[in-house]
Amino acid sequence: MKQTISVLVENQAGVLNRITGLFSRRAFNIESLAVGVTDDKSVSRITIIVDSGNNVVEQVEKQLNKLVDVIKVRTLEEKNLIGRELIIIKVSATTKTRQDISNLCQIMGARIDDITSTSMTLELSDTPDRVDLFESLLRPFSILEVARTGVIAVQKGSGKI
Amino acid sequence: MKIRATQAILECLLEQGVDTIFGYPGGTILNVYDELYRYQDKLRHILTAHEQGAAHAADGYARSTGKVGVCFATSGPGATNLTTGIATAYMDSSPVVFITCNVGEKVLGKDAFQEVDITGIASPITKATYLVRDPNDIPDIIREAFAVAAMGRPGPVLIDFLKNVTALDVMVDYEYLPKTEHPFHGRLAKLKKRSGWDLKTPEPNADDVDQLVRMIGASQKPFLICGGGVVRSRAHREFLEFAQRMDAPVAITAMGGGGFPGGHPLTTGMLGMHGSRPSNIACDTCDLLIAVGCRFSDRVATVPETFAHQAKIVHIDIDRAEIDKNVQTDHHIVGDAKRVLQLLNARISQADHTEWKQFVFSHRAPPAQGTGLLTPCDIIGTIRNTAPGDSIVVTDVGQHQMWSIQYFHFDYPGQLITSGGFGTMGFGLGAAIGAKMGNPGKVVLHMTGDGCFRMNGQELATVSHYDIPIITVIFNNHTLGMVHQWQNLLYGGRFSQTDLNFAPDFVKLAEAYGIRGRRVTTRAEMEGAMHDALSCGHACVIECIIDTDETVRPMVSAGKPLTDFLLD
Numbered sequence: 001m002k003q004t005i006s007v008l009v010e011n012q013a014g015v016l017n018r019i020t021g022l023f024s025r026r027a028f029n030i031e032s033l034a035v036g037v038t039d040d041k042s043v044s045r046i047t048i049i050v051d052s053g054n055n056v057v058e059q060v061e062k063q064l065n066k067l068v069d070v071i072k073v074r075t076l077e078e079k080n081l082i083g084r085e086l087i088i089i090k091v092s093a094t095t096k097t098r099q100d101i102s103n104l105c106q107i108m109g110a111r112i113d114d115i116t117s118t119s120m121t122l123e124l125s126d127t128p129d130r131v132d133l134f135e136s137l138l139r140p141f142s143i144l145e146v147a148r149t150g151v152i153a154v155q156k157g158s159g160k161i
Numbered sequence: 001m002k003i004r005a006t007q008a009i010l011e012c013l014l015e016q017g018v019d020t021i022f023g024y025p026g027g028t029i030l031n032v033y034d035e036l037y038r039y040q041d042k043l044r045h046i047l048t049a050h051e052q053g054a055a056h057a058a059d060g061y062a063r064s065t066g067k068v069g070v071c072f073a074t075s076g077p078g079a080t081n082l083t084t085g086i087a088t089a090y091m092d093s094s095p096v097v098f099i100t101c102n103v104g105e106k107v108l109g110k111d112a113f114q115e116v117d118i119t120g121i122a123s124p125i126t127k128a129t130y131l132v133r134d135p136n137d138i139p140d141i142i143r144e145a146f147a148v149a150a151m152g153r154p155g156p157v158l159i160d161f162l163k164n165v166t167a168l169d170v171m172v173d174y175e176y177l178p179k180t181e182h183p184f185h186g187r188l189a190k191l192k193k194r195s196g197w198d199l200k201t202p203e204p205n206a207d208d209v210d211q212l213v214r215m216i217g218a219s220q221k222p223f224l225i226c227g228g229g230v231v232r233s234r235a236h237r238e239f240l241e242f243a244q245r246m247d248a249p250v251a252i253t254a255m256g257g258g259g260f261p262g263g264h265p266l267t268t269g270m271l272g273m274h275g276s277r278p279s280n281i282a283c284d285t286c287d288l289l290i291a292v293g294c295r296f297s298d299r300v301a302t303v304p305e306t307f308a309h310q311a312k313i314v315h316i317d318i319d320r321a322e323i324d325k326n327v328q329t330d331h332h333i334v335g336d337a338k339r340v341l342q343l344l345n346a347r348i349s350q351a352d353h354t355e356w357k358q359f360v361f362s363h364r365a366p367p368a369q370g371t372g373l374l375t376p377c378d379i380i381g382t383i384r385n386t387a388p389g390d391s392i393v394v395t396d397v398g399q400h401q402m403w404s405i406q407y408f409h410f411d412y413p414g415q416l417i418t419s420g421g422f423g424t425m426g427f428g429l430g431a432a433i434g435a436k437m438g439n440p441g442k443v444v445l446h447m448t449g450d451g452c453f454r455m456n457g458q459e460l461a462t463v464s465h466y467d468i469p470i471i472t473v474i475f476n477n478h479t480l481g482m483v484h485q486w487q488n489l490l491y492g493g494r495f496s497q498t499d500l501n502f503a504p505d506f507v508k509l510a511e512a513y514g515i516r517g518r519r520v521t522t523r524a525e526m527e528g529a530m531h532d533a534l535s536c537g538h539a540c541v542i543e544c545i546i547d548t549d550e551t552v553r554p555m556v557s558a559g560k561p562l563t564d565f566l567l568d
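Going down the list, the sequences are from chains A and B. FYI, in my numbering the residues of the first sequence are 1 to 161. FYI, in my numbering the residues of the second sequence are 1 to 568.
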């Protein structure tokens, strides 16, 4: 089961290393990880997506809570979060295919960032499922390069962690 | 007040009440050692033979005194030599502040001479690491480091100062701040405000305590485990009262030695892989198991799924992350062992479990028959007859460690110092130095094996130089005993690489360091050697020749149920 863990940490060198270390020592793969500073410059938010059983996540959450540099930890419920991922994708495009790709972008709400005589670079920010869908729809056009940010998430409603 | 940065470092140590530092100098930490030269009358520095010895000494000092230990080392190899010592302290929750210096800011990350990312290396084996790049942070970081090492579940912390931070012309603002004021200033105050981190351990939940009181009332066959948390919390008096009121048998884990009197009629001895029959059988048949400050390691809960399978398992621990980590529990109380036990003692009445106790203690093994050869039991028996009852016992790791825990009786926290979690061979001599420096009035016995002794035996130089009267007892079976035992029982007697029959002459080795050495082969010789060692007032090495095939009994194989004894 995929789980989203949101962690607020002191914005300091070495903190990320410590946190990912808690996962790696359990031989535990992180599906995605996104870090960015919050409204308070000294605090960063780390969003971690892991695919594992409840026990492991619970154990890691408890261990995270023990770290001095960790301010707060929360496992976000799937139905209760707003999660978005950004994808930048470069595909081959000829005069023949350009229109089809452009249509796809319109349907999916993606932007065209760059265009050359042989390629197009597109950008979409959406839920991971829709980002996956967008990527698979573009596959027939031959994907040249993909960059995805990993999910960032906050919980729905007025509550905060 | 403007003072030198290095002065601020040492003043901050004095704020914490530090009087002894174990360490080893080197290039990047030169400035700090230069300052130490001026502080000789306030801070005693013990120069060890190797940084690992210093790390274990600071650890032994911390374990035996309950104070925070302090250890210095230089960058690069000095720092990496500490790592085994740091991990040892981490696994056994021992509060030590390790201070290293790194190369200067200008060359940081450029593979400078003796440069290593020690904060990165130490991160998984410390509670926190600090890289100090700004001299003005010195007081704040040292105060935080000491607080973090000691609070909650104790453990090691590492501070790495860049060399330019400690330069002798760097001046910083420093005002003396009493230790009690630390939580209200600087980083600690910020930490408390922002993360809700509290230096005080939270009060145990009253409902949780109520429920445990009810469970105790309903139990006919209760069984207690005294773990290392009882020792760290110095909760031995509370635990004694609790056990007596419960009238329940008590198993003592390796780390719990000293948490409950070893000779008490309620104790069943050690539990687990080398646990006694009464311990392991009681654990298997009890209806209520209350574990205090123990983490159900794989050496205790050999099969977590069937561990205490007939019992409601209750876990009392200061560390929330330990709850349900190794063994699924039915109930838990998070809090300091001392506080939880005080609350429980106020609530429970005197119970009587005579029948249950009779059942448990009926499994006691008959005393071993003498074979004429000097046995481990004879050796420890002789030591117990000659040395004072409150002597501190420091062990290395292996067979002699198990024998020491089985045959000695420990009556107060800090009387047994052993590397339980990490199982560090070579831990003993360094730790014994630390224990003796922290407890000059007590006899310190260093129990070791021929294998372990060779790992850090060079610390005899330290023992000799500072004339530290430690009695080292080497159980020489000319083999790596514990591994030999496994090979004999589980690997068809193929003794792969465990023969140590090429050891040096330990008596001559001791003498080479200026320490008296004795070799004994009989009980009478052992008695004489102990009398000499105790009366001479100096360090002494006693080499006891024992049979190569001596075994630690009982024994349960790793991963087998507790009552599935491989050896009786």
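Cβ coordinates follow ideal geometry from the N, Cα and C atoms, glycine included. These numbers come from a predicted model, not from an experiment.
Would you mind telling me which residues of chain B sit closer than 9 angstroms to K66 of chain A, beta carbon to beta carbon, in chain order?
Per Cβ cutoff of 9 angstroms: K127, G152, R153, D319, R320, A321.
Cβ of F141 of chain A within 8 angstroms of Cβ of A110 of chain A?
The answer is no: Cβ separation not under 8 angstroms.
Which of helix, strand or coil does DSSP assign to K67 of chain B?
DSSP, read as helix, strand or coil, puts K67 of chain B in coil.
Does DSSP put C12 of chain B in a helix, in a strand, or in coil?
Secondary structure at C12 of chain B: helix, using DSSP grouped into helix, strand and coil.
When you compare the CB positions of I570 of chain B and Y130 of chain B, do they come within less than 8 angstroms of one another, or not?
Limits of chain B in this structure are 1 at one end and 568 at the other, which puts residue 570 of chain B out of reach.
Return helix, strand or coil for G331 of chain B, following the three-state DSSP convention.
Reading off the sequence shown, one finds His at residue 331 of chain B, where the question assumed Gly. In this structure, H331 of chain B counts as strand in the three-state DSSP scheme.
To the nearest angstrom, report how far apart Y491 of chain B and Q497 of chain B are at their CA atoms.
Distance between the alpha carbons of Y491 of chain B and Q497 of chain B is about 13 angstroms.
Do you know whose CA, among B:A435, B:D547, B:A122, B:N385, lies nearest V444 of chain B's CA?
Looking only at B:A435, B:D547, B:A122, B:N385, the smallest Cα-Cα distance to V444 of chain B is reached by B:A435.
Nearest to G228 of chain B by alpha carbon, out of B:L374, B:R63, B:K442, B:L191?
Taking only the C-alpha atoms, the option nearest G228 of chain B is B:R63.
Starting from the Cα of D547 of chain B, find the closest Cα among B:P376, B:H56, B:R518 and give me that residue.
Comparing alpha-carbon positions, the option among B:P376, B:H56, B:R518 lying closest to D547 of chain B turns out to be B:P376.
Rounded straight-line distance, which links the Cα of T119 of chain B to that of L162 of chain B:
Each residue's CA atom was taken as its position, placing L162 of chain B and T119 of chain B some 12 angstroms apart.
Using 8 angstroms as the limit for Cβ to Cβ distance, is P135 of chain B near chain A?
Residue contact check for P135 of chain B against chain A: no CB pair falls below 8 angstroms.
How should I19 of chain A be labelled, buried or exposed, when 16 other C-beta atoms within 10 angstroms of its C-beta is the threshold for buried?
So I19 of chain A counts as buried.
Rounded to a whole number of angstroms, what is the C-alpha to C-alpha distance between T201 of chain B and I125 of chain B?
Here the alpha carbon of T201 of chain B sits roughly 22 angstroms from the alpha carbon of I125 of chain B.
CA nearest to the CA of D132 of chain A, picked from A:T118, A:V151, A:S119, A:S117
Minimum Cα distance to D132 of chain A is reached at A:V151.
Contact list for G21 of chain A against chain B, beta-carbon separation under 7 angstroms
S123, P124, listed in chain order.
Figure out for me which residue from B:L416, B:R320, B:D396 has the closest Cα to the Cα of M425 of chain B.
For M425 of chain B, the closest alpha carbon among the candidates B:L416, B:R320, B:D396 is that of B:D396.
Would you kindly check if the distance between the Cβ of I89 of chain A and the Cβ of I143 of chain A is under 8 angstroms?
Taking 8 angstroms as the cut-off, the Cβ atoms of I143 of chain A and I89 of chain A count as close.
For a contact meaning CB atoms closer than 8 angstroms, what does Q63 of chain A contact in chain B?
Residues of chain B whose Cβ lies closer than 8 angstroms to the Cβ of Q63 of chain A are, in chain order, A321.
Looking at C-alpha atoms only, which residue of B:H478, B:I281, B:K442, B:R364 is the closest neighbour of R454 of chain B?
A check of alpha carbon separations from R454 of chain B across B:H478, B:I281, B:K442, B:R364 identifies B:H478 as the nearest.
Using a Cβ-Cβ distance under 8 angstroms, would L289 of chain B count as near chain A?
False, the Cβ-Cβ gap to chain A never drops below 8 angstroms.
Extent of the continuous beta strand (DSSP E) to which D113 of chain A belongs:
111-115 is the span of the beta strand (DSSP E), which, as asked, contains D113 of chain A.
Give the interface partners of G14 of chain A over in chain B, defined as CB-CB distance under 8 angstroms, in chain order.
For G14 of chain A, the residues of chain B that pass the 8 angstroms Cβ criterion are T119, G120, S123, T129, L131, in the order they occur in the chain.
Whose CA, out of A:L22, A:E58, A:I30, lies closest to the CA of R320 of chain B?
Of the candidates A:L22, A:E58, A:I30, the one whose C-alpha sits nearest the C-alpha of R320 of chain B is A:E58.
May I have the straight-line CA-CA distance separating Q155 of chain A from I71 of chain A, to the nearest angstrom?
The straight-line gap from Cα to Cα measures roughly 17 angstroms.
Does I380 of chain B come out as helix, strand or coil in the three-state DSSP assignment?
When DSSP states are grouped into helix, strand and coil, I380 of chain B belongs to the helix group.
Provide the residue span of the alpha helix (DSSP H) that contains C536 of chain B, from first to last.
Residues 523-536.
Under 7 angstroms from the C-beta of K325 of chain B: neighbouring residues of chain A
By Cβ distance, chain A contributes Q59.
How long is the line joining the alpha carbons of R153 of chain B and P222 of chain B, rounded to whole angstroms?
In this model, R153 of chain B and P222 of chain B are separated by some 26 angstroms (Cα to Cα).
Taking 7 angstroms as the cut-off, is the C-beta of L86 of chain A nearer than that to any heavy atom in the ligand NAD?
No copy of the ligand NAD appears in this structure; indeed no ligand is present at all.
Going by DSSP, name the residue or residues bridged to R295 of chain B.
BP columns for R295 of chain B are empty, so no partner.
C-alpha distance - T521 of chain B paired with V393 of chain B, whole-angstrom precision:
Distance from the CA atom of T521 of chain B to the CA atom of V393 of chain B, rounded to whole angstroms, is 22 angstroms.
In chain order, which continuous runs of the alpha helix (DSSP H) of length 4 or greater are located wholly inside the stretch 334-377 of chain B?
When DSSP assignments are scanned along the stretch 334-377 of chain B, the uninterrupted stretches of alpha helix (DSSP H) that are 4 or more residues long and fall wholly within it turn out to be 337-345, 354-361.
Please report the distance separating the alpha-carbon of H592 of chain B from that of A128 of chain B.
No answer is possible for residue 592 of chain B: it lies beyond the span of chain B, which begins at 1 and ends at 568.
Check whether the Cβ atoms of D411 of chain B and G256 of chain B lie closer than 8 angstroms to each other.
Remark: C-beta atoms of D411 of chain B and G256 of chain B do not approach each other more closely than 8 angstroms.
In terms of DSSP beta bridges, what is L416 of chain B paired with?
DSSP output for L416 of chain B lists B:V393 as bridge partner(s).
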